[in-house]
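S.K.: Following our numbering, the numbering of the sequence shown begins with 5 at its first residue and continues without gaps.
What follows is a structure written as structure tokens; I'll ask about it next.
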Amino acid sequence: MTPGFIGTGIITEAIVTGALRAHDTIRKITISPRGAAIAARLAQASPLVKIAADNQAVIDESDVVFLAIRPQIAEEVIRSLKFSKSQRVVSLIAAVQIETLASWIDAEVTITRAIPLPFVADLQGVTAIYPPSREVTAFFAPLGAVLEAQTLEEFDLFGVASALMGSYFGIMETTARWFERQGMPYDSARAYLGPIFLSLSQAAVQEPVVPFKSLRSAFSTKGGLNEQMFEVFDRSGGMAALTQALDQVLARVRAR
Ligand SMILES: NC(=O)c1ccc[n+]([C@@H]2O[C@H](COP(=O)([O-])OP(=O)(O)OC[C@H]3O[C@@H](n4cnc5c(N)ncnc54)[C@H](OP(=O)(O)O)[C@@H]3O)[C@@H](O)[C@H]2O)c1
5 MTPGFIGTGI ITEAIVTGAL RAHDTIRKIT ISPRGAAIAA RLAQASPLVK
55 IAADNQAVID ESDVVFLAIR PQIAEEVIRS LKFSKSQRVV SLIAAVQIET
105 LASWIDAEVT ITRAIPLPFV ADLQGVTAIY PPSREVTAFF APLGAVLEAQ
155 TLEEFDLFGV ASALMGSYFG IMETTARWFE RQGMPYDSAR AYLGPIFLSL
205 SQAAVQEPVV PFKSLRSAFS TKGGLNEQMF EVFDRSGGMA ALTQALDQVL
255 ARVRAR
């Protein structure tokens with residue numbers, strides 16, 4: 005595989021970093037010049053990374069083209085490029101459907117959508133793809149794990165799930181600042197909360213078939229502080245707010 009990237013931003017940096025670690029058969033990775041600082045960093049990190057003169061040169065040099073630009077500029081950028089029939093396109097652009105992408109691309113390419121997350125740089129986490137593709141799975145599987153969505157609806161829901169990352173850190177920040185107001189240094193709160201949440205995630209991953217509800221019970225002594233925390237949070241609208249946010253993000257994902 006000869007991968008190329010249109011858009012050299014945060015997610016391209018993570019994927020290229022992971023790919024250089026995980027794939028020893030890749031001989032060249034071509035990246036677009038926009039996002040100059042990241043492009044320079046990647047080219048400096050490996051002689052296999054080449055900065056193309058422009059977006060068209062990325063396509064001309066690659067058999068798998070990753071689209072890693074923001075949705076707002078995607079149509080203009082993609083319509084201006086010439087693809088070839090043998091190419092595979094992997095779109096990372098949130099909420100732009102395959103049919104829409106196909107109408108912007110002037111050749112009958114094969115299109116797969118993917119949601120890689122920054123953890124791929126460390127060969128961790130999970131990348132959702134749709135539709136299932138042996139080639140795209142083979143690329144992302146060594147960069148963590150892959151979940152192949154069987155339907156577009158399922159893929160959209162993975163997209164909603166991936167939008168929880170900001171809220172995760174938002175909860176951590178609100179909690180750490182609350183501790184700070186009670187007199188604990190922010191750094192101490194941060195040092196305590198990070199490992200707790202890491203251990204909780206590890207517990208969930210190590211018990212893949214145990215429902216989260218059972219884990220909540222297992223980690224909450226009857227009548228204890230954890231049970232009280234969840235009850236007050238739920239009663240105060242915490243779960244309702246979460247459900248509302250999930251509904252609204254899904255509506256946005258499906259609207260485009
Ligand atoms: N970050 C994530 O975790 C993540 C995960 C999955 C999917 N995605 C999706 O991946 C896409 C990129 O996200 P990102 O977080 O990497 O964004 P980003 O850091 O803003 O990167 C976007 C890159 O596109 C470049 N760009 C702007 N105009 C361009 C053009 N005309 N031609 C080529 N490149 C151009 C920008 O360069 P300049 O800096 O020079 O403007 C920038 O380097 C988005 O659609 C996003 O939804 C992101």
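We treat Cβ as the ideally placed atom computed from N, Cα and C, and that holds for glycine.
Going by the beta-carbon positions, is the gap between VAL100 and VAL164 smaller than 8 Å?
M.R.: Taking the sequence shown and counting its residues from 1, the one referred to as residue 100 is at position 96. Taking the sequence shown and counting its residues from 1, the one referred to as residue 164 is at position 160. Against a cut-off of 8 Å, the Cβ pair of VAL164 and VAL100 comes out as no contact.
S.K.: Can you tell me whether DSSP reads VAL213 as helix, strand or coil?
M.R.: Residue mapping note: residue 213 aligns to position 209 of the sequence shown, counting from 1. Here VAL213 sits in coil by DSSP.
S.K.: Comparing the CB of ASN230 with every heavy atom of ligand 1, is any distance shorter than 7 Å?
M.R.: Reading the sequence shown from its first residue, position 226 is the one you call residue 230. Not so, every heavy atom of ligand 1 lies at least 7 Å from the Cβ.
S.K.: Hey, would you say the C-beta of GLY39 is under 7 Å away from at least one heavy atom of ligand 1?
M.R.: Here the question's residue 39 lines up with position 35 in the sequence shown. Correct: GLY39 has its Cβ closer than 7 Å to ligand 1.
S.K.: Can you grab the Cα-Cα spacing for the pair THR179 / SER205, in whole Å?
M.R.: Mapped onto the sequence shown, residue 179 falls at position 175. Mapped onto the sequence shown, residue 205 falls at position 201. Taking the straight line joining both Cα atoms gives about 18 Å.
S.K.: How long is the line joining the alpha carbons of VAL113 and GLN60, rounded to whole angstroms?
M.R.: By one-based count along the sequence shown, residue 113 stands at place 109. By one-based count along the sequence shown, residue 60 stands at place 56. VAL113 and GLN60: Cα-Cα distance of roughly 15 Å.
S.K.: Could you tell me the alpha carbon to alpha carbon distance between VAL140 and ILE82, rounded to whole angstroms?
M.R.: Residue 140 sits at position 136 when you count from the first residue of the sequence shown. Residue 82 sits at position 78 when you count from the first residue of the sequence shown. Each residue's Cα considered, the two are about 20 Å apart.
S.K.: Less than 7 Å between the CB of ARG258 and some heavy atom of ligand 1, yes or no?
M.R.: Residue mapping note: residue 258 aligns to position 254 of the sequence shown, counting from 1. Incorrect: ARG258 has no Cβ contact closer than 7 Å to ligand 1.
S.K.: Looking only at DSSP bridge pairs, what is ALA149 linked to?
M.R.: Residue numbering aside, residue 149 sits at position 145 when the sequence shown is read from its first letter. Paired residue(s): VAL130.
S.K.: Is it buried or exposed for TYR134, if we count other Cβ within 10 angstroms and need 16 for buried?
M.R.: Stepping through the sequence shown from its first residue, residue 134 is reached at position 130. Here TYR134 is buried: its Cβ has 16 or more other Cβ atoms, across all protein chains shown, within 10 Å.
S.K.: Quickly, what does DSSP pair PHE70 with across the bridge? List them, please.
M.R.: Looking up residue 70 in the sequence shown gives position 66. Per DSSP, PHE9 and VAL94.
S.K.: Select from GLU79, ASP126, ALA153 and SER90 the residue whose C-alpha is nearest the C-alpha of GLU103.
M.R.: As a working note, residue 103 is residue 99 in the sequence shown. With distances taken between Cα atoms, GLU103 lies closest to GLU79.
S.K.: Considering only residues of the same chain and omitting the five flanking positions on each side of ALA44, which have a CB-CB separation below 8 Å?
M.R.: Residue numbering aside, residue 44 sits at position 40 when the sequence shown is read from its first letter. The residues are ILE55.
S.K.: Output needed for ALA167: all residues of its chain with C-beta closer than 7 Å, excluding positions within five of it in sequence on either side, in chain order.
M.R.: The residue labelled residue 167 in the question sits at position 163 within the sequence shown. Result list for ALA167: VAL253, in chain order.
S.K.: Let me know if LEU71 comes out buried or exposed under the rule of 16 or more other beta-carbons within 10 Å of its beta-carbon.
M.R.: Position 67 of the sequence shown holds residue 71. It counts as buried.
S.K.: Nearest CA to the CA of GLY148: which residue from ILE10, ILE19, THR6 and GLY8?
M.R.: The residue you call residue 148 lines up with position 144 of the sequence shown. Measuring from the Cα of GLY148, the nearest candidate turns out to be ILE19.
S.K.: Which residue's Cα is closest to the Cα of MET5: THR29, ILE15, GLY11 and ILE14?
M.R.: Working through the sequence shown from its first residue, we reach residue 5 at position 1. Proximity to MET5 across THR29, ILE15, GLY11 and ILE14 peaks at THR29, based on C-alpha coordinates.
S.K.: Pull up the distance between the alpha-carbon of GLN91 and that of LEU219, whole angstroms please.
M.R.: Sequence index remark: in the sequence shown, residue 91 carries index 87 (1-based). Sequence index remark: in the sequence shown, residue 219 carries index 215 (1-based). In a straight line, the C-alpha of GLN91 is about 45 Å away from that of LEU219.
S.K.: In this structure, what does DSSP give as the bridge partners for ILE33?
M.R.: Taking the first residue of the sequence shown as 1, we reach residue 33 at position 29. ILE33 is bridged to VAL53.
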